[in-house]
DNA sequence: CGGATAAATGACCGAGGGGTCAGTATATCC
DNA sequence: GGATATACTGACCCCTCGGTCATTTATCCG
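Here it is, written out as structure tokens:
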């Protein structure tokens, strides 16, 4: 006798799959976030996403219209908490602009370093080049909001005399670039390079430089 | 009589193509640099490269082994001058470390902002993720050399007391990140966003912040 | 001029993968 | 324990694109 199932009950040969209309979307989304993050947009096969989510490609299409819609959903779900947390932090903050800037950058850093986000941030920065609608989506829904926040913080610091007078818009970009660089680095070069970045050292150094760079104590004329 | 050609000479019906064994490689390389830069690695069709170079896909393969070899050649040709110039600048420099750092960063900036390089730098940072050999190639042949140079400059400044004591390796990364961010930005988001970055403003602001950030005049303790 | 050489072509191959859908297995209801 | 509804499957379609190669055609040379 072929022991088709465990135990004495040979009536339920353990169904090959189950219906879970309500949990599927989340399962698929989680798998998509992982795999998109690991391999990038193009290299992600929907069949693999399905497999990791415990279903088939067909099921993926049952819940998401297309690859690019799935991607957007994955990004949205992963990034929203970060944006929300950061906006809240700015709103509630009492105290120096220095501390606030530190807090905001650190919050972003934590999110990016410790969640599935790393991979997705890198992705957005990079592979969206050939998909203008994805680029626009990311820019409008996330990047711009983040930058607006940073501009606000820097402007506030400048007004209170805690920061130098700088071009606020450009400074906001300068200040995030180390974070973005880290995201790109980790997912592009770290895997092929012997020595990994010491992440916390890197972040702390970048914060040091940024804070010192914005400090008004400076009276050097810097560039000609 | 069928007027096969212009004028009186009906013997040379304008050849459909010409032999140019010696100029083809360069033509193809130039086309490849442009198109890779515009569209990224995957989205680049060798047929399009051929067309822009004035030949067919078949001819491309006559001079380059494969797509990835063509890509490496394109990158090598585009990046070498920058690396060479920068290394030379460091070698020959007399004067303050501040000036040297400024010079090196500005040199890189000029190269990246004004040549076909922008597109390729962005590419390397991004799409190489799924092609480990390309990532390794770029890291070994270019990125590492550039970073070594920056470390040297920063170390020198620290030794002479012109810069603060910082984690040199991390600082070298922080200092380039605005440049890399700009490369990514221009090729990913600028096309889909109304207002472009004011490039020179951006660079100057970033230089300001970096130089001030490394200045030893600072006695704040910055981060806890 | 005409034959030899080889540069260039373009039709072709095959793998890969997004997207579809007829059929099948599971859940539910009576 | 059917009968019905539908979540899920997996084989299939078809297009794209890197890479190949027999054939075509420009050029060289005697």
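Protein chains in written order, with our numbering: chain A, 303 to 526; chain B, 303 to 526.
Ideal placement from N, C-alpha and C gives every residue a C-beta, glycine not left out.
Treat the numbers as computed from the prediction; the structure is a model and nothing was measured.
Residues of chain B with a Cβ closer than 8 Å to the Cβ of residue 450 (chain A) do not exist; the shortest Cβ-Cβ separation is about 13 Å. By alpha-carbon distance to residue 497 (chain A), the top candidate from B:464, B:504, B:438 is B:438. Taken in chain order, the members of the region 457 to 468 of chain A whose beta-carbon sits within less than 7 Å of a beta-carbon on chain B are 468. Residue 515 (chain A) belongs to the set of residues whose beta carbon lies under 9 Å from a beta carbon in chain B. Approximately 7 Å separates the beta-carbon atoms of residue 377 (chain B) and residue 426 (chain B); this is inside 8 Å, confirming the contact. When 7 Å is used as the limit between beta carbons, residue 503 (chain B) is near these residues of chain A: 469, 472, in chain order.
Rounded to the nearest whole angstrom, the CA to CA distance from residue 363 (chain B) to residue 405 (chain B) is 40 Å. Where residue 396 (chain B) is concerned, there is no enclosing alpha helix (DSSP H), because DSSP gives it neither an H nor an E.
Using a Cβ distance threshold of 9 Å, residue 459 (chain A) and residue 516 (chain A) count as a contacting pair.
In the structure shown, residue 365 (chain B) adopts helical secondary structure according to DSSP, grouped into three states. Around the CB of residue 325 (chain A), fewer than 16 other CB atoms lie within 10 Å, so the residue is classed as exposed. Contact between the region 409 to 419 of chain A and the region 352 to 362 of chain A is absent: fewer than three C-beta pairs spanning the two stretches fall below 8 Å. Considering only A:342, A:519, A:331, A:502, the residue with the shortest C-alpha distance to residue 489 (chain A) is A:342. Contact residues of the region 473 to 484 of chain B toward chain A are 473, 475, 476, 479, 480, 482, 483 (C-beta to C-beta distance below 7 Å). In this model, residue 348 (chain B) and residue 338 (chain A) are separated by some 26 Å (Cα to Cα). Counting C-beta atoms within 10 angstroms of its own C-beta, residue 396 (chain B) has fewer than 16 neighbours from the protein chains shown and is therefore classed as exposed. Along the region 408 to 439 of chain B, going in chain order, the ones with a CB nearer than 7 Å to a CB of chain A are 427, 428, 429, 430, 431, 432, 434, 437, 438.
The alpha-carbon separation between residue 512 (chain A) and residue 423 (chain A) amounts to approximately 21 Å. Taking 9 Å as the CB threshold, residue 382 (chain A) stays off the interface with chain B. Around residue 392 (chain A), the same chain offers 402, 406, 451, 454, 455 as residues with beta carbons nearer than 8 Å, after the five sequence neighbours per side are excluded. It is roughly 7 Å from the alpha-carbon of residue 491 (chain B) to the alpha-carbon of residue 441 (chain A). Cβ contact annotation for residue 436 (chain B) (same chain, cutoff 6 Å, sequence separation greater than five): 430, in chain order. The criterion of a C-beta distance shorter than 9 Å is not satisfied by residue 509 (chain B) and residue 410 (chain B). Judged by their CB atoms, residue 457 (chain B) and residue 506 (chain A) are not nearer to each other than the 9 Å cut-off. Nearest CB-CB separation between residue 498 (chain B) and chain A: not below the 9 Å threshold. DSSP, read as helix, strand or coil, puts residue 430 (chain A) in helix. Distance from the CA atom of residue 475 (chain A) to the CA atom of residue 389 (chain B), rounded to whole angstroms, is 28 Å. Around the beta carbon of residue 493 (chain A), fewer than 16 other beta carbons sit within 10 angstroms, so the residue counts as exposed.
Here residue 340 (chain A) has 421 as same chain residues with Cβ atoms under 7 Å from its own Cβ, once five neighbours each way along the sequence are excluded.
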